[in-house]
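Below: the structure, in structure tokens.
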Amino acid sequence: HIMTRPPRDPSLPLIPRALTIRILLVSAILLAGAFGLQHWERAHDASPEVAQTIVVNVFALTLTTYLFNCLSLDRPLLWRGIHRNPWIAASVLGLIALQLLYTYTPAMNDLFHSAPLDAAAWARITAIAVISYLALELIKLVQRSR
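Heads up: the sequence shown begins at 1 in full-length UniProt numbering, then just goes up one per residue.
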């Protein structure tokens with residue numbers, strides 16, 4: 001329990017170096033992936049609405065994988081699992097439902113100028129999220145081996 005831990009040493013940085021590296025890495029992957037996919041989609045004649053919808057979903061899915069990665073800052077998710085906090089699973093399911101509403105309901109498409117996506121677009125979105133997740137897991141592996 002967090003309240004039973006001793007206070008943090010005030011001479012230590014508020015955000016440790018390892019966490020700073022993770023934040024910067026996921027930010028770089030997120031921005032490169034989102035802007036890269038937006039540019040790629042527009043270069044392949046996708047509408048601005050489709051490109052915008054892809055960017056929003058890249059952010060949502062990549063940050064969801066970051067959430068899973070942060071469940072343990074030193075061990076892989078497979079060792080830890082998500083069962084320790086049922087609110088995480090409920091939140092992720094809620095996010096998925098909202099993203100699907102945003103992406104596929106005509107009222108939301110009109111309100112947010114979004115557009116439905118095909119399976120190929122979802123594959124590209126998922127690739128960015130998986131790259132981010134694997135990069136962070138690799139950092140954990142390297143830090144554990146030190």
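Cβ atoms here follow ideal geometry from the backbone N, Cα and C, with glycine treated the same way. Only a predicted model underlies this, so the values are computations on that prediction, with no experimental measurement involved.
When Asp118, Met3, Leu73, Ile54 are compared, the shortest CA-CA separation from Ala18 is found for Leu73.
For the set Val142, Ile125, Tyr133, the Cα lying nearest the Cα of Gly33 is the one of Ile125. Below 8 Å, too few C-beta pairs join the region 10-24 and the region 54-62 to call them touching: fewer than three. DSSP, reduced to helix, strand and coil, places Asn85 outside both helices and strands of the structure shown, so it counts as coil.
Comparing C-alpha distances from Arg75 to each of Val130, Ile139, Trp87 shows the shortest one belongs to Ile139. One Cα belongs to Ala43, the other to Ile29, and the distance between them is close to 20 Å.
In this structure Thr105 is exposed. Its beta-carbon is surrounded by fewer than 16 other beta-carbon atoms within 10 angstroms. Relative to Val130, the option among Thr64, Ala90, Leu71 whose CA is nearest is Thr64.
Within the same chain, and ignoring the five residues on either side of Ile96 in sequence, no residue has its Cβ closer than 6 Å to its Cβ. A direct Cα-Cα distance of roughly 8 Å separates Asn109 from Pro116. Burial is judged here by how many other beta carbons sit within 10 angstroms of a residue's own beta carbon; Ile128 has at least 16 and is buried. Counting the other CB atoms within 10 Å of its CB gives Ser145 a total below 16, which places it among the exposed residues.
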